[in-house]
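A.B. asks: Handing you a structure now.
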């Protein structure tokens, strides 16, 4: 009896949960409404079966509960009933499968008018390639990937010269235009997934996969990697901004093309040295830093990291938080750098500075720090803290301990890394949760500072 | 099948004399079954603890800082692999298969007892190798239980050194163990059935285990070769699964391999594996339901053919795990079609279970509660499979918590319901003692309601788009705060269910120690294992003479018969009728 009642309650409760659940498909932002319809059909068919069979069972348990006076009915089979049920089930299956297959047929056939965008995945970053005026992407080969050629572009392929290469996690798409998204991985499996678009697909090294969609609602959506890709899987996030065609074209126009990038790769250290004059007051003539002024050591930092941080300071992605008083000091400084080239020159100069060791100011437990570092930090920042370019992880080994500790606290307290455009900072904000308290931060900062990179 | 008179033997030929030959290096299928089951449950407890740790992190992020990302992924991987392979496969086939096959078909033992013993010891070896990976530098692999390359063997994945190699070695040894046991089960069913035990008179437990074993013999080699090939990629530098790629910024020395090839091999094993677990569960639960409903299993022939059909179809659906893997998307049409076809024989089984209850005379014993709990959870888990099998719907739901909820419902909770139903059902025969009914009911209600509280809401996180295998969700624009609260609630339910299993162990140990002596056939069942001369059965099972079978295993409620059941081995002329003048008419089964 109790069992029958509980089954009825569970059925009623499940249906109620379904109806009133605040958790359901996110509002759709693509043309794939048919997927939602297929889900609805399946909910109805399976919901009916769930309710009917369970209520039947509950009734049977109630009606035929044990009685010493009664005897079960002897009925080994009932062919007619069994065939009816089989036929009925087949109809239900057809009702669910047929619409599903029609939608799938739409999904595998990309419309001819679709434009092409390539998404690249690597541990734990996104990158994007747009084909430029010719509408065709240049050839690329993972064997050619280096720090200077992160997309593995084949230099002699003329189709690639006008490609727009974007090494940031923000993707742009024009609204109401079908797009074929080509998917490529540089290392392990990844998966390009945007909940609002409904469609997703794995990215496989050695192959190019695809999906297509038409964005229908303007907005910025999360891109999540949804195929386990190593320890940093959960920090591999990006954004896709769906915007008006005119805004999209304007943005695309403003991006440097591959041919330009090849030229720009030649940075001017002399010009950079001139720009550095305004930095030297705080950071020191040799970039050695000055703890009294809260200015960290710069010498040793990779040029790409310095460039990215200067861009962030200029845009407000870093240093705009009122609690980040020292970061706020950097904002006007970075704003004085007129363009990306100036920043790159400055970064190249900083990258050329001689490296000296920082003096110790923190005295945390080195073995505790090492345990934390080896498990959580070393994959991206390298075993000796030298940094790894492909994950955009800068050198931290041997740098100022007080600065490292302060930044770790900033990440923890959402002072740094919580701005929507600070994608790499966001990754650190997720990682830093493994540090239990200030003591753990001091331990790991002391250890990192003690590392000898050279 | 012709009857072999040599099977009628005096007991003494079979009886081992010393403690070691009787209980350690035993060749008795019943002792081996208990060894298998004990090891599987022990390692399952490890996996249960790991899932508790995962739920702590998911429900209360930033609270348990001792759980770090690398460890989280190691828990995920080890939990999944242990539960699927080392617990469920080993328990259903090595445990219940070993115990029930010879007893239910009326044999003295497996046909190759020595091989049977080796099977267990290789299984134990594979478990020890797997457990050793917790203690090597870098810890166990954190590549996910699917072990997808390249990341399974490249830097950036926890345990990509010794951890993954021990996992692959352990799996290879497990397959060897399974093959030794599996050949034994198949041969025994085909060759050692007693007089009158035709294939279509076998209990469904034997059918389920028999077909599952055949699936395993075809499927596990795919796992074996993928383990060997991945080891070669890791150790010898071959490129079976490894394309030209970089690893953390450095170009690595691989070229031309295919990560998707691994996925095909893995799921060619992995999908039948679902049914290697499910078919024995289907069989065992059928026997429990029929016995406690006091009614013949409804549609026996259809049930047998459904098991065979599901087993066959399970080999042509594997790529439904790969709809969004980047394989040629045209495959989606074929695999969605075959996958949804499999729903039909599966639905027939469900209908026949509930129709077995209909017009029955249902005794709500502890095993019966678990068996009916299985029906409920299996209906739920089976129906959500229709979402994921339908290729279109897999696009939004794949790799989300919907998948996690679905397979835990259908492959976790449901088989575990059957495991408990079967343990409670056969415990009196295995131990000779009765279990504590009250503790059993507490165990059932807590487990049944608790697991539903875990997994029903989890599906809705999946609809929302919450990705699986995330150490922390952090901030996104589409996951509301309420989802975090839901996650905390799910974790509370999960910890509750995990801790509650202590009741089960208390019940088992208490009953072994001081339980009431069990009747040889406490459930008034018809199948042969309840009709042994001794309880628990001695080595050799049957005394001097093997039983003779006159009918199928589901003769409950036959009209005109005095008792409401007729044992399989009772000669027709000895069946007592209500009306002594009447003569017993044998059924067509």
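Protein chains in written order, with our numbering: chain S, 53 to 506; chain B, 22 to 610. Where a beta carbon is used, it is the ideal one built from N, C-alpha and C, also for glycine.
Does residue 194 (chain S) get closer than 9 angstroms to chain B when you measure Cβ to Cβ?
C.D. replies: Under the Cβ criterion of 9 angstroms, residue 194 (chain S) is counted among the residues facing chain B.
A.B. asks: Who are the neighbours of residue 368 (chain B) on chain S, taking C-beta pairs under 7 angstroms?
C.D. replies: 141
A.B. asks: Determine the direct distance from the alpha carbon of residue 376 (chain B) to that of residue 604 (chain B), and round the result to whole angstroms.
C.D. replies: 29 angstroms
A.B. asks: Can you find a C-beta in chain B that's less than 9 angstroms from the C-beta of residue 359 (chain S)?
C.D. replies: no
A.B. asks: If you draw a straight line from the C-alpha of residue 62 (chain S) to the C-alpha of residue 464 (chain B), how long is it?
C.D. replies: 18 angstroms
A.B. asks: Is the region 291-298 of chain S close to the region 258-275 of chain S, with three or more CB pairs under 8 angstroms?
C.D. replies: yes
A.B. asks: If you reduce the DSSP assignment to three classes, tell me which class residue 411 (chain S) lands in.
C.D. replies: coil
A.B. asks: Using the beta-carbon of each residue, which ones in chain B are nearer than 9 angstroms to residue 364 (chain S)?
C.D. replies: In chain order: nothing, as chain B lies at least about 18 angstroms away.
A.B. asks: Step through the CB atoms of chain S and report whether any lies within less than 9 angstroms of the CB of residue 178 (chain B).
C.D. replies: yes
A.B. asks: Check this for me: beta carbons of residue 447 (chain B) and residue 121 (chain B), under 9 angstroms apart or not?
C.D. replies: In this structure, the beta-carbon distance from residue 447 (chain B) to residue 121 (chain B) falls below 9 angstroms.
A.B. asks: For residue 442 (chain B) and residue 59 (chain B), I'd like the C-alpha separation in whole angstroms.
C.D. replies: 16 angstroms
A.B. asks: Measuring alpha carbon to alpha carbon, tell me which of B:218, B:118, B:478, B:101 ends up nearest residue 204 (chain B).
C.D. replies: B:118
A.B. asks: How big is the Cα-Cα spacing for residue 505 (chain S) and residue 492 (chain B)?
C.D. replies: 30 angstroms
A.B. asks: What are the partner residues of residue 158 (chain B), as DSSP defines its beta bridges?
C.D. replies: BP columns for residue 158 (chain B) are empty, so no partner.
A.B. asks: Can you list, in chain order, the residues of the region 413-429 of chain S whose Cβ is nearer than 9 angstroms to any Cβ on chain B?
C.D. replies: 424, 427, 428
A.B. asks: If you run the structure through DSSP and keep just helix, strand and coil, what is residue 475 (chain S)?
C.D. replies: In the structure shown, the three-state DSSP call for residue 475 (chain S) is helix.
A.B. asks: Could you say which of B:340, B:478, B:482 lies nearest to residue 66 (chain S) if we only look at CA atoms?
C.D. replies: B:478
A.B. asks: Just checking: is the beta-carbon of residue 611 (chain B) within a distance shorter than 9 angstroms of some beta-carbon in chain S?
C.D. replies: Limits of chain B in this structure are 22 at one end and 610 at the other, which puts residue 611 (chain B) out of reach.
A.B. asks: What's the C-alpha gap between residue 428 (chain B) and residue 410 (chain B)?
C.D. replies: 12 angstroms
A.B. asks: Would residue 238 (chain S) pass as an interface residue toward chain B - the criterion being a Cβ-Cβ separation below 9 angstroms?
C.D. replies: yes
A.B. asks: Going by CA-CA distance only, name the one from S:172, S:487, S:60, S:429 that's closest to residue 104 (chain S).
C.D. replies: S:60
A.B. asks: Quick one: what's residue 182 (chain S) bridged to in DSSP?
C.D. replies: S:216
A.B. asks: So is residue 496 (chain S) buried or exposed if we call it buried at 16+ other beta carbons inside 10 Å?
C.D. replies: buried
A.B. asks: Please compile the residues from chain S whose C-beta is within a distance smaller than 9 angstroms of the C-beta of residue 175 (chain B).
C.D. replies: Among the residues of chain S, those whose CB is under 9 angstroms from the CB of residue 175 (chain B) are 175, 239, 240, 282, following chain order.
A.B. asks: Please state whether DSSP places residue 126 (chain B) in a helix, a strand or coil.
C.D. replies: helix
A.B. asks: Hey, would you say residue 241 (chain S) sits closer than 9 angstroms to residue 172 (chain B), going by beta carbons?
C.D. replies: yes
A.B. asks: Would you say residue 433 (chain B) faces chain S, with C-beta separation under 9 angstroms as the test?
C.D. replies: No, because no Cβ of chain S sits closer than 9 angstroms to the Cβ of residue 433 (chain B).
A.B. asks: Is there at least one Cβ from chain B nearer than 9 angstroms to residue 432 (chain S)'s Cβ?
C.D. replies: yes
A.B. asks: Would you say residue 387 (chain B) lies against chain S (beta-carbon separation less than 9 angstroms)?
C.D. replies: no
A.B. asks: Using a beta-carbon distance below 9 angstroms, is residue 488 (chain S) in contact with chain B?
C.D. replies: yes
A.B. asks: Using a Cβ-Cβ cut-off of 7 angstroms (strictly less than) and excluding sequence neighbours within five positions of residue 202 (chain B), which residues of its own chain qualify?
C.D. replies: 114, 115, 137, 140
A.B. asks: State the CB to CB distance for the pair residue 20 (chain B) and residue 485 (chain S), rounded to an integer number of angstroms; the pair is presumed to be in contact (CB under 8 angstroms).
C.D. replies: In this structure chain B extends from 22 to 610, so residue 20 (chain B) is not present and cannot be described.
A.B. asks: How far does the beta strand (DSSP E) with residue 44 (chain S) in it reach, from first residue to last?
C.D. replies: In the structure as shown, chain S starts at 53 and stops at 506, and residue 44 (chain S) therefore has no counterpart that could be examined.
A.B. asks: Just reading off the beta strand (DSSP E) that residue 295 (chain S) is part of, what are its end residues?
C.D. replies: For residue 295 (chain S), the enclosing beta strand (DSSP E) covers residues 289-295.
A.B. asks: For the region 107-167 of chain S, which segments carrying the alpha helix (DSSP H) assignment without a break, of at least 4 residues, lie completely within its bounds, in sequence order?
C.D. replies: Taking only runs of at least 4 residues, the alpha helix (DSSP H) segments lying wholly in the region 107-167 of chain S are 131-160.
A.B. asks: Please list the terminal residues of the continuous beta strand (DSSP E) segment that includes residue 432 (chain S).
C.D. replies: No beta strand (DSSP E) holds residue 432 (chain S); the alpha helix (DSSP H) holding it covers 430-433.
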